[in-house]
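Residue numbers (the UniProt record's numbering): 1 to 225. Virtual Cβ for every residue (Gly too), placed ideally from N, Cα, C. Given the structure is predicted, the values throughout are model-derived calculations rather than measurements. All remarks here apply to the structure that follows.
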Amino acid sequence: MRVLVVDDDAQIVRAMRINLRARGYEVDTAFDGAAALRAAAANMPDIVLLDLGLPDMAGGAVIEGLRGWTSVPIIVLSAHHSSTEKVRSLDAGADDYVTKPFGMDELLARLRAAQRRSVRAEEAPVVTTRAFTVDLEAKRVTRHGHEVRLTPTEWHILELLARNAGRLVSQRQLLHDVWGPVYQSETNYLRVYMAQLRRKLEPDPAHPAYLITEAGMGYRFEKGG
């Protein structure tokens with residue numbers, strides 16, 4: 001497992017490099033956004049750990065640069081605690097968000113989770129309904145032969161539901177997996193994004209046949225519709 005660590009704080013980079021190498025990871029490092037994009041293209045990391053406060057460009061620009069050609073998991077590291085910053089990073093294409101200061105045990109757990117999701121994606125099936133098709137490997141949704149444009153957050157929610165087709169996915173699980181553990185009570189986030197997904201995918205958004213709400217519990221993806 002090759003990890004690219006991107007941070008302009010030399011002490012943090014050194015500490016992460018030592019800890020990750022001690023646990024069997026191969027580690028590349030970069031101290032600014034341009035170097036990060038070059039390193040990713042040259043060495044093809046399995047996971048990117050990305051600090052948002054880089055000297056030459058915004059972290060969001062680095063995410064967008066990576067997402068232009070790779071689906072490598074990106075875990076954002078940032079001292080910003082605001083929900084706006086976290087949502088912006090996730091919508092740009094990040095997979096997870098860790099707030100500084102963080103413990104190495106937490107970071108390693110996030111790395112393992114990102115690795116598991118990445119492995120599952122490589123073996124992902126195509127989920128087909130009468131109204132639309134979800135290609136989990138290509139991260140692509142089509143409806144009536146045309147691609148449906150989803151934001152990264154919309155895709156993350158749909159992917160979690162489609163991978164668990166026919167089973168209830170709790171609000172708590174969705175919030176934890178998409179936004180992180182501190183958002184497990186922010187059910188209004190889910191209502192907003194589910195409404196957006198239904199407008200894009202459901203034949204009759206007011207009476208959904210595929211993205212089903214289980215009142216007070218969570219959501220369920222039904223393929224039969």
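Environment of glutamate 154 [buried if 16+ CB atoms lie within 10 Å]: If you number the sequence shown from 1, residue 154 lands on position 154. By the 10 Å Cβ count, glutamate 154 comes out buried.
Among the residues of its own chain, which have a CB less than 8 Å from the CB of proline 208, if the five just before and after it don't count? Taking the sequence shown and counting its residues from 1, the one referred to as residue 208 is at position 208. The residues are Arg198 and Glu202.
Residue from Val76, Ile157, Ala35 and Gln11 with nearest C-alpha to alanine 195: In the sequence shown, the residue the question calls residue 195 occupies position 195. That would be Ile157, whose Cα lies nearest to the Cα of alanine 195.
Is the region 134–147 close to the region 52–59, with three or more CB pairs under 8 Å? no
Buried or exposed for leucine 159, please, with buried defined as at least 16 other CB atoms from any protein chain shown within 10 angstroms of its CB. Translated into positions along the sequence shown, residue 159 becomes position 159. The question names leucine, but residue 159 in the sequence shown is glutamate. Classification for glutamate 159: buried.
Mind checking whether leucine 37 and glycine 65 have CB atoms under 8 Å apart? The residue labelled residue 37 in the question sits at position 37 within the sequence shown. The residue labelled residue 65 in the question sits at position 65 within the sequence shown. The answer is yes: Cβ separation under 8 Å.
As a quick exercise: from Tyr193, Gly68 and Val62, pick the residue whose alpha carbon is nearest that of phenylalanine 31. To locate residue 31, count along the sequence shown from 1; it is residue 31. Checked all of Tyr193, Gly68 and Val62; the closest Cα to phenylalanine 31 is Val62.
Min CB distance threonine 99 to chain D below 8 Å: Looking at the structure shown, chain D is missing, and only one protein chain is on hand.
Can you give the Cα-Cα distance for arginine 15 and valine 48, rounded to whole angstroms? To locate residue 15, count along the sequence shown from 1; it is residue 15. To locate residue 48, count along the sequence shown from 1; it is residue 48. Per the sequence shown, residue 15 should be read as alanine rather than arginine. Whole-angstrom Cα-Cα distance: 16 Å.
Output the distance between the C-alpha atoms of valine 126 and arginine 167, rounded to the nearest integer angstrom. Stepping through the sequence shown from its first residue, residue 126 is reached at position 126. Stepping through the sequence shown from its first residue, residue 167 is reached at position 167. Roughly 17 Å separates the two Cα atoms.
When the distance is taken between beta carbons, is glycine 103 closer than 8 Å to glutamine 171? The count along the sequence shown starts at 1 and reaches residue 171 at position 171. The count along the sequence shown starts at 1 and reaches residue 103 at position 103. No.
Compute the Euclidean distance between the alpha carbons of glycine 24 and valine 72, then round it to the nearest angstrom. On the sequence shown, position 24 is the one that residue 24 refers to. On the sequence shown, position 72 is the one that residue 72 refers to. Answer to the nearest angstrom: the Cα atoms are 19 Å apart.
For aspartate 7, is the classification buried or exposed, using 16 other Cβ atoms within 10 angstroms of its Cβ as the cut-off for buried? Along the sequence shown, read from residue 1 onward, the residue named residue 7 stands at position 7. Counting Cβ neighbours within 10 Å, aspartate 7 comes out buried, since at least 16 surround it.
Rounded separation between leucine 150 and arginine 17 - CA only: Locating residue 150 in the sequence shown gives position 150, counting from the first residue. Locating residue 17 in the sequence shown gives position 17, counting from the first residue. Straight-line Cα distance between these residues: approximately 35 Å.
Would you report the Cα separation of residue 254 and alanine 41, rounded to the nearest angstrom? Outside the displayed range of the chain (1 to 225) lies residue 254, so it cannot be described from this structure.
Pull up the DSSP beta-bridge partners for tyrosine 97, would you. On the sequence shown, residue 97 is found 97 positions in, with the first residue counted as 1. Tyrosine 97 pairs with Val76.
Kindly indicate which three-state DSSP category histidine 144 falls into: helix, strand or coil? Residue 144 sits at position 144 when you count from the first residue of the sequence shown. DSSP places histidine 144 in coil when its eight states are reduced to three.
Going by the CB atoms, is the gap between lysine 200 and threonine 129 shorter than 8 Å? In the sequence shown, the residue the question calls residue 129 occupies position 129. In the sequence shown, the residue the question calls residue 200 occupies position 200. Taking 8 Å as the Cβ cut-off, threonine 129 and lysine 200 do not qualify as a contacting pair.
Can you round the beta-carbon distance between leucine 136 and arginine 163 to whole angstroms, since I take them to be within the 8 Å contact cut? Working through the sequence shown from its first residue, we reach residue 136 at position 136. Working through the sequence shown from its first residue, we reach residue 163 at position 163. About 7 Å; that satisfies the 8 Å criterion.
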